[in-house]
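Number of protein chains: 2
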Amino acid sequence: MADPDAHLSSTLDVGGALIDRAAVVGCGVIGAAWVARMRLRGVDVRVFDPELNVGVVLDEVMQQAVVAWNGLGLSTDRLGSLMVCESVADAVTDAELVQECVPERLDVKHATLATIEAAIPRAALVASSTSGFKPTDLAVHMEHPDRLIVGHPFNPVYLLPLVEVVGGERTSLGTIDRAMAAYASLGMKPLHVRVEIDAFIADRLLEAVWREAIWLVNDGVATTAEIDDAIRYGFGLRWAQMGLFETYRTAGGAGGMRHFLRQFGPALEWPWTKLTDTPSWTDKLVGTIADQSDDQSGDRTIAELLAERDQNLVAILKALEAVDAGAGKTLAQLRATQR
Amino acid sequence: MADPDAHLSSTLDVGGALIDRAAVVGCGVIGAAWVARMRLRGVDVRVFDPELNVGVVLDEVMQQAVVAWNGLGLSTDRLGSLMVCESVADAVTDAELVQECVPERLDVKHATLATIEAAIPRAALVASSTSGFKPTDLAVHMEHPDRLIVGHPFNPVYLLPLVEVVGGERTSLGTIDRAMAAYASLGMKPLHVRVEIDAFIADRLLEAVWREAIWLVNDGVATTAEIDDAIRYGFGLRWAQMGLFETYRTAGGAGGMRHFLRQFGPALEWPWTKLTDTPSWTDKLVGTIADQSDDQSGDRTIAELLAERDQNLVAILKALEAVDAGAGKTLAQLRATQR
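Here's what the structure looks like:
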């Protein structure tokens, strides 16, 4: 695969993004964080959300993003403009990229995409932030499905570089290329998911962990705090920089991956996990998890937790940049093209 | 739960570990890394391994560990001694803690534990590094099973703080307490796994991800490199500092965990994942994974990958220490009690 970061240096006007005007439709946590990243890269953004408090959410997330980018040592002086619009049509009419971030219901997505499509220029890219639906299923009623992709980001969108780019059966290759380049120019790491499956790559892995974790809580094996500690004092540190396979490759010693697989593979047959079903999603289980989560967080508010999370991510990203590894490389590219 | 780190400051002679003499039986990658961590904390260690090249492995891993600890700014001047012994009995005869690290076969573990038990002082702690077997099953033939625990570490043991401490049905509470204190004094984060299950906590989560990842490769959805990127540019960064539940708590916004669960919970019912079985572990699949892993690593040797991994982990741990978060807190405690 070509290095998607290559777009940054080869095609970019140094000092900003490939696109000048974007629209974000749906401004919850994810939508607002897209807005923040885009504006921080100098893109003018128009938004639409039916909620009355959309301005409050946008302000809060923008403030978090500015603190984070200042923490990274990135300039936040030349923001793209923001316009909150009264309708989807007003928001998207002039956009080069429309990022759809409405709730995860296929009927809602379809209706929103129809409204978007009726108002955009023919050349506009349409990207859905869905974490689950296939682009082919999203585009089923579209007049020009060639311009639809999934562009699935990870929270906090203004800090985490990954965005999964997925095309549907009728998405054009040109659309994929343009989306990869546009996201790279926003300082992200676009990953082209070549085969269209529900939940793509990252969320399939996340869902596997989530399901097993819920079992552990359901069966009283561990609390939410203990499970989080098992992650962040152990393999979570490995995964911030090397992922699953390359870490295991090193565990095989000089024998490498083949040696590791011969040792480890058979253990997959052991009946260790509860992966074959899900616990009943009862009020009792929801209550147990929520109560344990309350205990775990103590009297720290969500705002304090968000600030803590961002501070930690900023520290990790800068540390990885200093050793030229993983997500630190993406940050270095972004820094090189900041105004 | 009491904070296991409390042991460090409350009961420790500042400048070293709670134990003076340890034995490590079985010196592969994990055993050798235990030796390194123990010696770096001033513990005299005797080892036994039937392999002729045990000295080479010990030297290599010790060198890696010294580089890593120097990177952390920790002194490596006053190492505990190392003695490579001719028999298990010679290695363990005088030990306060015996760390068993032989291959993951129950019959081999049983035979090794019998040999260890015949030669140790009555008061010695016996810990197995197993990542899967329950301590009750390990102790089934032991004369004094009260002193056996599982102490399951994470590679690289000299850098990652997590160690899962699991007692069996006949393990004494005193043994658990002593083990928690001993591991904390080695600069680790002991996590008491209160309910005895196969694979404990972390490896159940890891196995869930591994299984799903193998399906993705098997079905040609993604390569090993793409899966690693999906982790290390995205949620891996979150997990290095906050774990699963607290991250999701923040995603619920002001509504917190209850709000998040109401939104996300039902999605667990969707048939997204391949979690219900394992792909056939064919030579073809092993070959595919190994070949992709070879491509991914390019011409970097295992030694180079290990150096890269450790350099990245050192950078992340120092970054987390600077913001007083997660594994950085454990490092700060360790630093405070270094000679």
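Protein chains in written order, with our numbering: chain A, 1 to 339; chain B, 1 to 339.
The C-beta atom is built at its ideal place from N, Cα and C for all residues, glycine as well.
Check                                                                                                            : Outcome
Coarse secondary structure for B/PRO50, derived from DSSP in three states                                        : coil
Cutoff 7 Å; reference A/ALA32; Cβ partners in own chain excluding five residues on either side                   : VAL57, LEU58 and VAL61
For A/VAL150, the first and last residue of its enclosing beta strand (DSSP E)                                   : 148–153
Closest residue to A/VAL98 among A/LYS318, A/GLN333, A/TYR183 and A/GLY252 (Cα-Cα distance)                      : A/TYR183
Cutoff 8 Å: B/TRP272 Cβ touching any chain A Cβ                                                                  : Residue confidence is low: B/TRP272 scores 46 on pLDDT, short of 50, so the model does not pin down where it sits. Its coordinate-derived value is still stated next. Output row for B/TRP272: interface = yes.
Limits of the beta strand (DSSP E) - the one that A/HIS141 falls within                                          : Counting along the chain, A/HIS141 falls outside any beta strand (DSSP E), and DSSP gives it neither H nor E.
Rounded C-alpha distance that separates B/MET242 from B/ALA89                                                    : 43 Å
Test: A/LEU237 CB closer than 8 Å to a CB of chain B                                                             : yes
Boundaries (first-last residue) of the beta strand (DSSP E) holding A/VAL126                                     : 125–128
As assigned by DSSP and simplified to three states, the class of B/THR175                                        : helix
Status (buried if at least 16 other CB within 10 Å, exposed otherwise) for B/ASP5                                : Any reading at B/ASP5 must be qualified, since the residue scores a pLDDT of 47, below 50, and its modelled position is unreliable; the value itself is stated next. Counting Cβ neighbours within 10 Å, B/ASP5 comes out buried, since at least 16 surround it.
Which of helix, strand or coil DSSP assigns to A/GLY187                                                          : coil
Range of the contiguous alpha helix (DSSP H) that encloses B/ARG21                                               : Note, B/ARG21: premise wrong, no alpha helix (DSSP H); beta strand (DSSP E) at 21–25.
Alpha-carbon to alpha-carbon, B/ALA251 and B/ILE197                                                              : 30 Å
Assigned exposure category for A/ASP203 - 16 Cβ within 10 Å defines buried                                       : buried
Nearest residue (CA-CA) to A/ALA95, options A/ILE149, A/GLU212 and A/GLU117                                      : A/GLU117
Reference A/ALA240, options A/ARG262, A/ALA65 and A/PRO161, closest by Cα                                        : A/PRO161
Chain-ordered neighbours of B/ARG155 on chain A, where CB pairs are closer than 7 Å                              : According to the sequence shown, residue 155 of chain B is Asn rather than Arg. By Cβ distance, chain A contributes ALA251.
Interface residues of chain B facing A/GLU347 [CB-CB closer than 9 Å]                                            : In the structure as shown, chain A starts at 1 and stops at 339, and residue 347 of chain A therefore has no counterpart that could be examined.
Closest residue to A/PRO145 among A/THR136, A/CYS27, A/VAL221 and A/TRP34 (Cα-Cα distance)                       : A/THR136
Three-state secondary structure assigned by DSSP to B/MET257                                                     : helix
A/ALA225 to A/ILE289 span [Cα, whole Å]                                                                          : 10 Å
Endpoints, alpha helix (DSSP H) assigned at A/GLU246                                                             : 245–251
Paired residues, beta bridge with B/VAL314 - DSSP                                                                : Looking at the DSSP assignment, B/VAL314 forms no beta bridge with any residue, so it has no partner.
Against chain A: residues of the segment 281–293 of chain B by CB proximity under 8 Å                            : TRP281, VAL286, ILE289, ALA290, GLN292 and SER293
Where A/PRO161 meets chain B, residues with beta-carbon distance less than 9 Å                                   : TYR233, GLY234 and LEU237
Closer than 7 Å at the beta carbon, the chain B residues around A/GLN311                                         : VAL323
Cβ shell of A/VAL92 (< 6 Å), same chain only, five flanking positions each side left out                         : ALA23, VAL98, ILE116, ALA119 and ILE120
Closer than 8 Å to chain A by CB, B/ALA230                                                                       : yes
A/LYS189 classed as buried or exposed, judged by whether at least 16 other C-beta atoms fall within 10 angstroms : buried
Buried/exposed call for A/ALA123, threshold 16 Cβ in 10 Å                                                        : exposed
Chain A contact for B/ARG204 (CB, 8 Å cutoff)                                                                    : yes
Alpha-carbon spacing of A/THR130 relative to A/TYR233, whole angstroms                                           : 30 Å
Per DSSP, cross-strand counterpart(s) of B/GLY73                                                                 : In DSSP, B/GLY73 forms no bridge with anything.
Proximity test, Cβ basis, 8 Å: B/VAL195 and chain A                                                              : yes
B/ASP44 - partner residues in DSSP beta bridges                                                                  : B/ARG21
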